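Engineer: Read in order, the letters of the sequence shown correspond to residues 1 to 758 in our numbering. Ideal Cβ placement from N, Cα and C applies to all residues, glycine included. Note that the structure is a prediction, hence the values are computed from the model and not measured.
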Amino acid sequence: MGKLLILSLVLAGCGLAMQDAPQAQQEAFLYKGQPLTDEHRNYWAFRTPVRSAVPTVQQTEWIKNPIDAFILAALEKQGLQPSPAADKNTLMRRVTFDLTGLPPTPREIEAFVNDRAPDAYQKVVKRLLASPRYGERWAQHWLDVARFGETNGYELDAERDQAWRYRDYVIRSLNEDKPYDRFLLEQIAGDELDPSNFDLRVATYFVRAGPQHVVGGNQDEAVNRQEWLTEAMFGIGNAVMGLTVGCARCHDHKFDPISQADYYRMQAFFAATDNHDFKQPAANEQKDYLTAMMAHKAKLKPILDQLKEIERPYEKQIEDGKRAKLEARYAAALNKPKEERSKEEAEDAKLAERMLDVKYEELLAVLPADVKARRAALRKEMHALELQTPAPLATALGVTDAKPAPAMHLLKGGDPHRPAQIVTPRFPAVLLPPDAPALLWFTPVKAPLKSGEFVSTGRRTALARWLTGKDHPLTARVMMNRLWQHHFGRGIVATPNDFGKNGARPSHPELLDWLATEFAEPSNGKPGWSLKQMHELMVLSNTYQQTSDVAHERARPPQDLDNVLLWRMNRKRLEAETTRDAVLSAAGTFTEKLYGPSVRVPLEPEVYDNIFTEGEPDNLWPVTPDVKQHSRRTIYLLYKRNVRLPLLATYDAPDLMSSCGARSVSIHSLQALTLMNSEFMWEQAQALHQRLIRDVKVEPWRVNWLYRLTLGRAATWQERQWTDAFLQEQQRLGRTKAEAWADLCLAMMNLNEFLYLD
Numbered sequence: 001m002g003k004l005l006i007l008s009l010v011l012a013g014c015g016l017a018m019q020d021a022p023q024a025q026q027e028a029f030l031y032k033g034q035p036l037t038d039e040h041r042n043y044w045a046f047r048t049p050v051r052s053a054v055p056t057v058q059q060t061e062w063i064k065n066p067i068d069a070f071i072l073a074a075l076e077k078q079g080l081q082p083s084p085a086a087d088k089n090t091l092m093r094r095v096t097f098d099l100t101g102l103p104p105t106p107r108e109i110e111a112f113v114n115d116r117a118p119d120a121y122q123k124v125v126k127r128l129l130a131s132p133r134y135g136e137r138w139a140q141h142w143l144d145v146a147r148f149g150e151t152n153g154y155e156l157d158a159e160r161d162q163a164w165r166y167r168d169y170v171i172r173s174l175n176e177d178k179p180y181d182r183f184l185l186e187q188i189a190g191d192e193l194d195p196s197n198f199d200l201r202v203a204t205y206f207v208r209a210g211p212q213h214v215v216g217g218n219q220d221e222a223v224n225r226q227e228w229l230t231e232a233m234f235g236i237g238n239a240v241m242g243l244t245v246g247c248a249r250c251h252d253h254k255f256d257p258i259s260q261a262d263y264y265r266m267q268a269f270f271a272a273t274d275n276h277d278f279k280q281p282a283a284n285e286q287k288d289y290l291t292a293m294m295a296h297k298a299k300l301k302p303i304l305d306q307l308k309e310i311e312r313p314y315e316k317q318i319e320d321g322k323r324a325k326l327e328a329r330y331a332a333a334l335n336k337p338k339e340e341r342s343k344e345e346a347e348d349a350k351l352a353e354r355m356l357d358v359k360y361e362e363l364l365a366v367l368p369a370d371v372k373a374r375r376a377a378l379r380k381e382m383h384a385l386e387l388q389t390p391a392p393l394a395t396a397l398g399v400t401d402a403k404p405a406p407a408m409h410l411l412k413g414g415d416p417h418r419p420a421q422i423v424t425p426r427f428p429a430v431l432l433p434p435d436a437p438a439l440l441w442f443t444p445v446k447a448p449l450k451s452g453e454f455v456s457t458g459r460r461t462a463l464a465r466w467l468t469g470k471d472h473p474l475t476a477r478v479m480m481n482r483l484w485q486h487h488f489g490r491g492i493v494a495t496p497n498d499f500g501k502n503g504a505r506p507s508h509p510e511l512l513d514w515l516a517t518e519f520a521e522p523s524n525g526k527p528g529w530s531l532k533q534m535h536e537l538m539v540l541s542n543t544y545q546q547t548s549d550v551a552h553e554r555a556r557p558p559q560d561l562d563n564v565l566l567w568r569m570n571r572k573r574l575e576a577e578t579t580r581d582a583v584l585s586a587a588g589t590f591t592e593k594l595y596g597p598s599v600r601v602p603l604e605p606e607v608y609d610n611i612f613t614e615g616e617p618d619n620l621w622p623v624t625p626d627v628k629q630h631s632r633r634t635i636y637l638l639y640k641r642n643v644r645l646p647l648l649a650t651y652d653a654p655d656l657m658s659s660c661g662a663r664s665v666s667i668h669s670l671q672a673l674t675l676m677n678s679e680f681m682w683e684q685a686q687a688l689h690q691r692l693i694r695d696v697k698v699e700p701w702r703v704n705w706l707y708r709l710t711l712g713r714a715a716t717w718q719e720r721q722w723t724d725a726f727l728q729e730q731q732r733l734g735r736t737k738a739e740a741w742a743d744l745c746l747a748m749m750n751l752n753e754f755l756y757l758d
């Protein structure tokens, strides 16, 4: 009862109170489809993880840490043996890409290969975890599951100015090794923790990070609101809990013991929550910004006035022609004074005004050539000035509880126009221990939390604290599975966003539970929830350091063809962003700047044409003027959901209209064509050739340096012969010497050895 009393007080302090009721009555009420059974509660993912005993194995000399014991025990049970260790070149490339998302430099590889100290590898791992590139690398994985985008998605795909601040928050948090429980708490309820803290406001963008269907014209506010709440639930369900809770929006979940009532009770934690853009500039900053904006508008005004002056006669000509063709009904409504129009006439007048709108295509069709040229010159001048618009005041795109929580209803069929009984915030019964019935029955207190001018229900804080409790069955398991997936190429649970009954079963359940408990409560006495500690544990294991080569004497065993038991390391392809970053690194064009506003790189014409617009498409993608910014790390490029760079799209970068726990790894001809023929790749190939000239003065030695820059190793004798023959053949076919070398550089960045980690 002591634990229950403490938790009761915590929840009450978050704006929630509790009351008791018989357990059977609670569960029948919470799960309408069928009563909760022992089978439901005993499903592996719904039980609180318990630290598994480290198994005893025969080959004790192979064990570096408990991870190896769990893996080896499963191998020995199947009569399998682990593979030999990877060579130092391969291991250095693998761990550097895994922890930082960038290739090791030739000098870093050389230093590691020549370091004979027993702790040489441990020193490398600690250095990589301390690098700011670590935060960038692992932020990309989190942004995938958080469905981060800087636009709304759907047909309009409007931009969300300063959404990049959330990306930077994630990178900084990971670099600081912010405890994962605190990381989640800030993202779900940062505004409730400290409403005056700008960074905590930024963190809550997580709740609204998904797509939002925003359209013009008449809108159904009830539908819009329910879609917003649904997106918020997807973020919590998929990213944090690893469950497909969204399947219970319209009916009880078909596979998991989550009822429709459970779904709406979870949704009730967000009943009062809505988007909120928080500005907190100093008084002098606001004054300076207003002064700068007034000066900027003063520069634009003469150009805008000239455009209006040359366009107006032709617009009037088109408008008069349309007006003459209006049906009498619409013409009459439009000519009638607004205050005298009936409701129907007001609607007709609106339609008539739309009919009279002059579209840019109509205007361009009637403009004389000289006027069209003058107009184009003015618009070009206008766009150049627009790029000099003063930077906006710092704004945190987040959420807040803007009003007292309205009543939350269970919706029949998920339809907001078919409300059923009222529900209150509660956690799904199956995820609570059976001896804690009071937890099911807390209800909102009447008075909201107040702090100065800030008002909040405190509901999201209660939700976040429940999710990050050490007894929660899913949170630690789900995150450890994500780390394992990205290091080993496959999660212990192969469906990282679905730990439910329709998902995959864990390949090593005892290991997953050991990792989850070690994550939350480390056995070494250090503070819990440290992601860097768990990274270090995984990559220092002998399991991680195995070769991926299947050519050794123990080829693929028939009892584990897919390497689920990890008798060798899995070969992994670089992700889309990592591929681009690796190309920039090899070419020597990589810009190391951290943080800041997102960058727009030039788009191919066919991609530009896909940008939706209802206006003139001559400045839909204002390219960042500073060319050096174009070579920044891919995570800093503007992420517009409907516009993806061909290199990223063909290599399976997600559109993030939903949470992406595991990316597809497709293989198709467009990938090779993009890497071989894109303008970006050719520019980088030329830059790589120039780097070879700068770095190595003796031409014959450049081939070896090219191999070190691209593949992390020296060229073999046969490879040097091949490259010499290639250069000669290219020149025989009419390429200049410089072009032949650029062709060679391009070919090297197209090799599987460049694109895959062994």
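Need the endpoints of the beta strand (DSSP E) that K279 sits in, please.
Structural biologist: T273 to K279
Engineer: In angstroms with no decimal places, state the Cα-to-Cα distance between A346 and E136.
Structural biologist: 54 Å
Engineer: Is the beta carbon of V478 sitting closer than 8 Å to the one on G712?
Structural biologist: no
Engineer: Does the beta-carbon of C247 have 16 or more other beta-carbons within 10 angstroms, so that it is buried, or is it exposed?
Structural biologist: buried
Engineer: Distance, Cα to Cα, S541 vs H213?
Structural biologist: 46 Å
Engineer: From H253 to S259, what distance separates their C-alpha atoms?
Structural biologist: 6 Å
Engineer: For Y756, count the other beta carbons within 10 Å of its own beta carbon; 16 or more makes it buried, fewer makes it exposed. Which is it?
Structural biologist: By the neighbour-count rule (16 or more Cβ atoms within 10 Å), Y756 is not buried but exposed.
Engineer: Going by C-alpha distance, which of C250, N89, S83 and M569 is nearest Y707?
Structural biologist: N89
Engineer: How about G528 and P179: do their beta carbons lie closer than 8 Å?
Structural biologist: yes
Engineer: Any contact of the stretch 530–537 with the stretch 126–135, i.e. 3+ C-beta pairs under 8 Å?
Structural biologist: yes
Engineer: Ignore the nearest five residues each way along the sequence and tell me which others in T765's own chain have a CB closer than 7 Å to its CB.
Structural biologist: Any question about residue 765 goes unanswered here, given that the chain covers just 1 to 758.
Engineer: Tell me where the alpha helix (DSSP H) around H472 begins and ends.
Structural biologist: Careful: H472 lies outside any alpha helix (DSSP H) and carries neither H nor E.
Engineer: Per DSSP, Q212 is paired with what?
Structural biologist: DSSP output for Q212 lists no bridge partner at all.
Engineer: Would you mind giving the Cβ-Cβ distance between F198 and R460, rounded to the nearest angstrom? I have them listed as a contact below 8 Å.
Structural biologist: Not really, about 18 Å apart at Cβ, beyond 8 Å.
Engineer: By DSSP's criteria, T151 is part of a beta bridge. Which residues make up the other side?
Structural biologist: E159
Engineer: With burial defined as no fewer than 16 other Cβ atoms inside 10 Å of the residue's Cβ, what is the status of P700: buried or exposed?
Structural biologist: exposed
Engineer: Would you check if the distance between the CB atom of S666 and the CB atom of D652 is smaller than 8 Å?
Structural biologist: Going by C-beta atoms, S666 is nearer than 8 Å to D652.
Engineer: G235 and A764 - do their beta-carbons sit closer together than 8 Å?
Structural biologist: It is not possible to answer for residue 764, since the shown part of the chain is limited to 1 through 758.
Engineer: Report the three-state DSSP secondary structure of R632 (helix, strand or coil).
Structural biologist: Residue state for R632 is assigned as strand, using DSSP reduced to three classes.
Engineer: State the DSSP-derived secondary structure class of K640, mapped to helix, strand or coil.
Structural biologist: strand
Engineer: Since V583 and M749 are thought to touch, with beta carbons under 8 Å apart, how far apart are those beta carbons, to the nearest angstrom?
Structural biologist: At roughly 6 Å, the Cβ-Cβ gap stays under 8 Å, so V583 and M749 are in contact.
Engineer: Quick check: what's the CA-CA separation for R568 versus A494?
Structural biologist: 17 Å
Engineer: Alpha carbon to alpha carbon, what distance is there between T634 and Q559?
Structural biologist: 40 Å
Engineer: Considering only C-alpha positions, which residue in the set I310, Q219, A85 and T389 is nearest to M294?
Structural biologist: Of I310, Q219, A85 and T389, the residue nearest in Cα terms is T389.
Engineer: Leaving out five residues on either side along the sequence, give the residues of the same chain with a beta carbon under 7 Å from the beta carbon of A24.
Structural biologist: Low local confidence applies: a pLDDT of 40 at A24 is under 50, so the model's placement there is unreliable, and no value is given.
Engineer: With a CB to CB cut of under 7 Å and the five nearest residues on each side skipped, what residues in its chain are close to K403?
Structural biologist: Hits under 7 Å: A272.
Engineer: In whole angstroms, what is the alpha-carbon distance linking L363 and A369?
Structural biologist: 12 Å
Engineer: Could you tell me how far apart the beta carbons of V245 and Y263 are, in whole angstroms, since I believe they sit closer than 8 Å?
Structural biologist: Yes, they are in contact, since the Cβ atoms of V245 and Y263 sit about 6 Å apart, within 8 Å.
Engineer: Quick one: give me the first and last residue of the alpha helix (DSSP H) that T578 is part of.
Structural biologist: A576 to A587
Engineer: If you draw a straight line from the C-alpha of F331 to the C-alpha of Y166, how long is it?
Structural biologist: Note that residue 331 corresponds to Ala in the displayed sequence, not to Phe. Distance between the alpha carbons of A331 and Y166: 50 Å.
Engineer: Pop quiz: L727 and L744 are said to be a contact at Cβ under 8 Å. What is the actual Cβ separation, rounded to whole angstroms?
Structural biologist: About 6 Å; that satisfies the 8 Å criterion.
Engineer: Over the uninterrupted beta strand (DSSP E) stretch that includes G398, give me the two end residues.
Structural biologist: T395 to D401
Engineer: Mapping the DSSP letters down to three states, classify I492 as helix, strand or coil.
Structural biologist: coil
Engineer: Assign Y756 to one of three DSSP states: helix, strand, or coil.
Structural biologist: It is a strand residue.
Engineer: How many Å lie between I310 and D320 at the Cα?
Structural biologist: 17 Å
Engineer: Can you name the start and end residues of the alpha helix (DSSP H) that A377 belongs to?
Structural biologist: Annotation for A377: the continuous alpha helix (DSSP H) segment containing it runs A369 to E386.
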